[in-house]
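Quick note: the sequence shown uses our numbering, first residue 26, plus one each step.
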Amino acid sequence: MIPTLEWTPAGVNFLDQTRLPLEETYVLATDYHQVATVIRDMIVRGAPAIGVSAAMGVAIGIHHSSATNLVSLTAEVDLICKTLAETRPTAVNLFWGIAQVRDLYTQLAAANTPIPQIKSAVVALANRLYDEDIAQCKTLGANGADLLPREGTVLTHCNAGALATCGYGTALGVIRAAVERGHRIDVLADETRPYLQGARLTAWELLKDNIPTTVLCDNMAGHLMSKGRIQAVIVGADRIAANGDTANKIGTYSVSILAKEHGIPFYVAAPFNTIDLATPEGSAIPIEQRSPREVTHSNGKQMTPDGVGIENPAFDVTPAKYITAIITERGVLRAPFAESIRTMAANSSSTLTTA
Ligand code: MRU
């Protein structure tokens, strides 16, 4: 399994995704400020991985605190959570991960739990979230596997794989599960300008698993669809609104329209905690704007003339009407999404069929 991130006695160890595919190096974050930097600088990225990293960030902050009473520890926890929450705005998993550890802290502090016990409990929780993420990806992979063709080509955008989670992946988890069941799938990976998650990361991890993978530039998908070369599209998600509108890596929206035009199913795969019931529709999802340098430069080399205007929104929103199904670990959601999401949220043990 690809070790995206890991809690160690020395700190949280992250595979440095900014250096892939050419170098496999690790960055050890020994305090919560360093975890925040790792998330902000995209050394770790992908919504579920960001969520667990943030949980580990809060846990490491509490674990290393020198506070001797709960009043000062609580003030520190506020600051830790604020610092981590300011790293990236779009993936709701970040806020979910922070809230998980914070809620446990609040509960234990309210019960006057001794500080050493609080420290062990938050670290144990962060590690449990890590294990649960892998289990959820495997379950959602199994739930979605048979939606993919027995034989054919599947397009994906960005990296929603092992690298974007604690292991296995969401969209790539579904592809992995299908391949494990004997589907003969070729993957087309959009390069995903400007950060190249598809070209650098999706290609790297799928080749490691011997899944045939071809990289294409983002503007080539429509042509290949028109030639009948793509049988399904599957992507991950950074935040799914209560009506099913889905924020994912910039360029996903265009792919969804192309898929609709060509009658190709368009699937979103995400753990249920990516659904943000507090966000009614896609227009309310905050879209991260990243540095112009990601667009102006490639591999340290300037690509555009000085002084030109630059756009760099990191995500876009795919309206629910373009989504064929949302695959989660709890089951497969279909339109009308507002209703199916509400039902699934109300019944956490519900398991919808994949048919
Ligand atoms: O900016 P990134 O690389 O963090 O964006 C990642 C994506 O958009 C992924 O598709 C999404 O987080 C789902 S990952 C399972």
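Using N, Cα and C, we set each Cβ at its ideal position, and we do this for glycine too.
In summary, S281 is buried, with 16 or more beta-carbon neighbours lying within 10 Å of its beta-carbon over all protein chains present. Taking a 10 Å sphere around the C-beta of L232, we find fewer than 16 other C-beta atoms and assign the residue as exposed. Taken atom to atom, the span from the alpha-carbon of L40 to that of R218 is near 21 Å.
Counted as a single uninterrupted DSSP element, the alpha helix (DSSP H) harbouring K107 occupies residues 95–110. With contact defined as three or more Cβ pairs closer than 8 Å, the region 318–326 and the region 231–248 are not in contact. Non-local beta-carbon contacts of P305 in its own chain, meaning distances under 7 Å to residues more than five positions away in sequence, involve A266, A267, N268 in chain order. In the structure shown, the three-state DSSP call for L358 is strand.
Secondary structure of T190 (DSSP, three-state): coil. In this structure, the C-beta of M67 approaches the ligand MRU to less than 7 Å from one of its heavy atoms. By the Cβ test, the region 80–89 is in contact with the region 137–153, since at least three Cβ pairs between them sit closer than 8 Å.
Of the candidates T138, G325, K107, the residue whose Cα lies closest to the Cα of T93 is T138. If the five residues before and after V204 are omitted, its C-beta is found closer than 7 Å to the C-beta atoms of I210, I236, all from its own chain and listed in chain order. In the three-state reduction of the DSSP assignment, D171 falls in the helix class. DSSP places D243 in the helix class (H, G or I) of the three-state scheme. Judged by DSSP in its simplified three-state form, I351 adopts strand. With fewer than 16 other Cβ atoms from the protein chains shown falling within 10 Å of its own Cβ, P361 counts as exposed. The beta carbon of W121 sits closer than 6 Å to the beta carbons of G76, N298 from its chain, once the five residues preceding and following it are set aside; these are given in chain order. Excluding residues up to 5 positions away in sequence, L30, V37, F39, V60, V63, I64, V69, G122 lie with their Cβ nearer than 8 Å to the Cβ of S78 in the same chain.
DSSP places F39 in the uninterrupted beta strand (DSSP E) bounded by 36–40. Each residue's CA atom was taken as its position, placing P174 and T227 some 20 Å apart. Bounds of the beta strand (DSSP E) holding A54 are 51–54.
Take Q42, set aside five residues on each side of it, and the residues of its chain with a beta-carbon closer than 7 Å to its own are M67, I68, V69, R70, L188, L226, in chain order. Of the heavy atoms belonging to the ligand MRU, at least one sits nearer than 7 Å to the Cβ of T195. Here the region 160–176 lies against the region 195–202, with 3 or more beta-carbon pairs under 8 Å apart.
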